[in-house]
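Asks:
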Amino acid sequence: MSEDYYKILGVSKGASDDEIKKAYRKMAHQHHPDKSGGDEKKFKEINEAYQVLSDKSKRQQYDQFGRTFDQGSAGGGQGFSGFDFSGFSSGDGGFSNFDFGETDFEDIFSNIFSGGSGRGRRKKRGSDIQVDVEIDFFEMVRGAKRKINLYKSAVCERCNGTGGEPGANIKTCSTCRGTGQVQKTTRSFFGSFSQVTICPDCFGAGKSYEKKCSKCGGDGRVKKEEEIEINIPAGIMNGQTISMQGAGEAGEKGANAGDLYVLVHVKNHSKFTRQDNDILSTEEISFSCAVLGGEIEIETIEGQLILKIPEGTQSGEIFRIKGKGVPDIHGRGRGNHLVKIIVRIPKKLTREQRRLIEELERAGE
Numbered sequence: 000m001s002e003d004y005y006k007i008l009g010v011s012k013g014a015s016d017d018e019i020k021k022a023y024r025k026m027a028h029q030h031h032p033d034k035s036g037g038d039e040k041k042f043k044e045i046n047e048a049y050q051v052l053s054d055k056s057k058r059q060q061y062d063q064f065g066r067t068f069d070q071g072s073a074g075g076g077q078g079f080s081g082f083d084f085s086g087f088s089s090g091d092g093g094f095s096n097f098d099f100g101e102t103d104f105e106d107i108f109s110n111i112f113s114g115g116s117g118r119g120r121r122k123k124r125g126s127d128i129q130v131d132v133e134i135d136f137f138e139m140v141r142g143a144k145r146k147i148n149l150y151k152s153a154v155c156e157r158c159n160g161t162g163g164e165p166g167a168n169i170k171t172c173s174t175c176r177g178t179g180q181v182q183k184t185t186r187s188f189f190g191s192f193s194q195v196t197i198c199p200d201c202f203g204a205g206k207s208y209e210k211k212c213s214k215c216g217g218d219g220r221v222k223k224e225e226e227i228e229i230n231i232p233a234g235i236m237n238g239q240t241i242s243m244q245g246a247g248e249a250g251e252k253g254a255n256a257g258d259l260y261v262l263v264h265v266k267n268h269s270k271f272t273r274q275d276n277d278i279l280s281t282e283e284i285s286f287s288c289a290v291l292g293g294e295i296e297i298e299t300i301e302g303q304l305i306l307k308i309p310e311g312t313q314s315g316e317i318f319r320i321k322g323k324g325v326p327d328i329h330g331r332g333r334g335n336h337l338v339k340i341i342v343r344i345p346k347k348l349t350r351e352q353r354r355l356i357e358e359l360e361r362a363g364e
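For the sequence shown, numbering that gives the first Met the number 0 gives the first residue as 0, with consecutive numbering after it.
#1: Tell me whether D91 sits in a helix, a strand or coil according to DSSP, three-state version.
#2: Do you know whose CA, among V338, I341, C215, E209, lies nearest T171's CA?
#3: Looking only at C-alpha atoms, which of K266, G315, S152, I344 sits nearest to Q50?
#4: Given G245, which residues of its chain have a CB within under 6 Å of its CB, disregarding the five upstream and five downstream residues?
#5: Could you give the distance in angstroms between the alpha-carbon of L8 and the alpha-carbon of I19?
#6: Nearest-angstrom Cα distance between I344 and T272?
#7: Verify whether the separation of the beta carbon atoms of G253 and G160 is less than 8 Å.
#8: Considering only the beta carbon of each residue, do R333 and N276 sit closer than 8 Å?
#9: Evaluate E44 with the Cβ neighbour count: other Cβ atoms within 10 Å of its Cβ, from every protein chain shown; 16 or more gives buried, anything less gives exposed.
#10: Apart from the five residues just before and just after A249, which ones in its own chain have a Cβ nearer than 6 Å to its Cβ?
#11: Compute the beta-carbon to beta-carbon distance between D127 and D258, rounded to the nearest angstrom, for a pair I have assumed lies under 8 Å.
#12: Is it true that the CB of G162 sits closer than 8 Å to the CB of D200?
#13: Are the CB atoms of I134 and V261 within a distance shorter than 8 Å?
#14: My assumption, with CB atoms under 8 Å, is that S314 sits in contact with I340. Please give the rounded CB distance.
#15: Pick out whichever of K266, G311, S207 has its Cα sitting closest to the Cα of I284.
#16: Taking R141 as part of the alpha helix (DSSP H), name the residues at either end of that continuous run.
#17: In whole angstroms, give me the CA-to-CA distance for L348 and E357.
#18: Checking 8 Å against the spacing of the C-beta atoms, do E301 and V338 come in under that value?
#19: Just list the beta strand (DSSP E) runs in the region 134 to 184, keeping only unbroken ones of 3 residues or longer that don't cross its boundaries, in chain order.
#20: Could you tell me the alpha carbon to alpha carbon distance between Y5 and R157, rounded to whole angstroms?
#21: Nearest CA to the CA of G324: which residue from Y61, R141, E251?
#22: Please identify the residue among M243, G234, V290 whose C-alpha is closest to the C-alpha of H329.
#23: How should G117 be labelled, buried or exposed, when 16 other C-beta atoms within 10 angstroms of its C-beta is the threshold for buried?
#24: Roughly how many angstroms lie between the CA atoms of T178 and I169, to the nearest whole one?
#25: Given F112, which residues of its chain have a CB within under 7 Å of its CB, disregarding the five upstream and five downstream residues?
#26: Nearest to F136 by CA position, among N267, D17, Q29, V195, is which residue?
#27: Is C212 near E164, with beta carbons less than 8 Å apart?
#28: Three-state secondary structure (DSSP) at G114?
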């Protein structure tokens, strides 16, 4: 793909997270393969771009290293390959014009401090994925389910992740001659180091298939869209993340899959707000109700409820309704519903109302 991720989503490099999310949703809806006029190739590009730009760390690495960055460890494993040490000198010759070739210093130092028997490259675990999910206030209280479609690496169904064509003969790996290991000698300014590593072709198995899988090309993974159901527990907090182990990108040649992280956003409610596991709301009462007492009907997360107002209730007073708040996400009971009372003072009074209030004021003196 020649375009960069920002151009694919049609946003600027300085676009906010919300702008990126809106652009993704609009373009994914437009180009979804199931829609009339949909474009599967474009849809894949959009998903790939969003999975990078919606993740802060991946986006930072992409901005720094470009499209060739390794999403798992950008900049790592490059050692000092191609670094020009000409002009760096220590005394008579020292390191001047030393050719480091393709030296990987991570391997060198690992070898030094492990006694020269480094285990080398392991099968790479699948990358993690982060998505955002929005729920409303009542779904937060009661729990919810969401189904999302992710375009990601999955284990190849044809070869079950082995990379070999079903029925193909298994042969001894020609690279390691069946040992599963290869010896690598590295030259550096510290000297020459021999290192035993896992064979990069058979990943330590010592065997390989004579014919690679026709579906995945021997990688053991394919890109596909998967529908994933997310269970959102009751009582989840706004901004809290749900971890789904193994629901991320498939690993390399049978290695563990990455995880899926679901960042939950709770919509604001017009009447209720949340404070820890308590729900807060405000109710207005008349001046006469505050003075004489009475009953009012209020709204709770479980429906309408009658609240008794005692005589002499002051504006700003808070009444607690036990057990009508948000369930604790760990199952430790529920919070309360706190109702703040605001006394509604009339702006205009009739002569009779004014007379009665004045009499009430004199009686209280």
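Even glycine gets a Cβ: it sits at the ideal position worked out from N, Cα and C.
Replies: With the structure as the only source:
#1: With a pLDDT of 42 at D91, under the threshold of 50, the modelled position of that residue is not reliable, and the figure given next carries that caveat. D91 falls in the coil class under three-state DSSP.
#2: E209
#3: S152
#4: A256
#5: 7 Å
#6: 25 Å
#7: yes
#8: yes
#9: buried
#10: G125, S152, A153, V154, R220, A256
#11: 5 Å
#12: no
#13: no
#14: 7 Å
#15: G311
#16: 136 to 141
#17: 12 Å
#18: no
#19: 143 to 154, 169 to 171
#20: 34 Å
#21: R141
#22: G234
#23: Note that G117 scores a pLDDT of 41, beneath 50, so its modelled location is shaky and nothing firm can be said.
#24: 15 Å
#25: Note on F112: pLDDT 43, under 50, position unreliable in the model; no value is reported.
#26: N267
#27: yes
#28: A caution first: G114 carries a pLDDT of 42, below 50, which makes its placement in the model unreliable, though a value can still be read off. Residue state, collapsed to three classes: coil.
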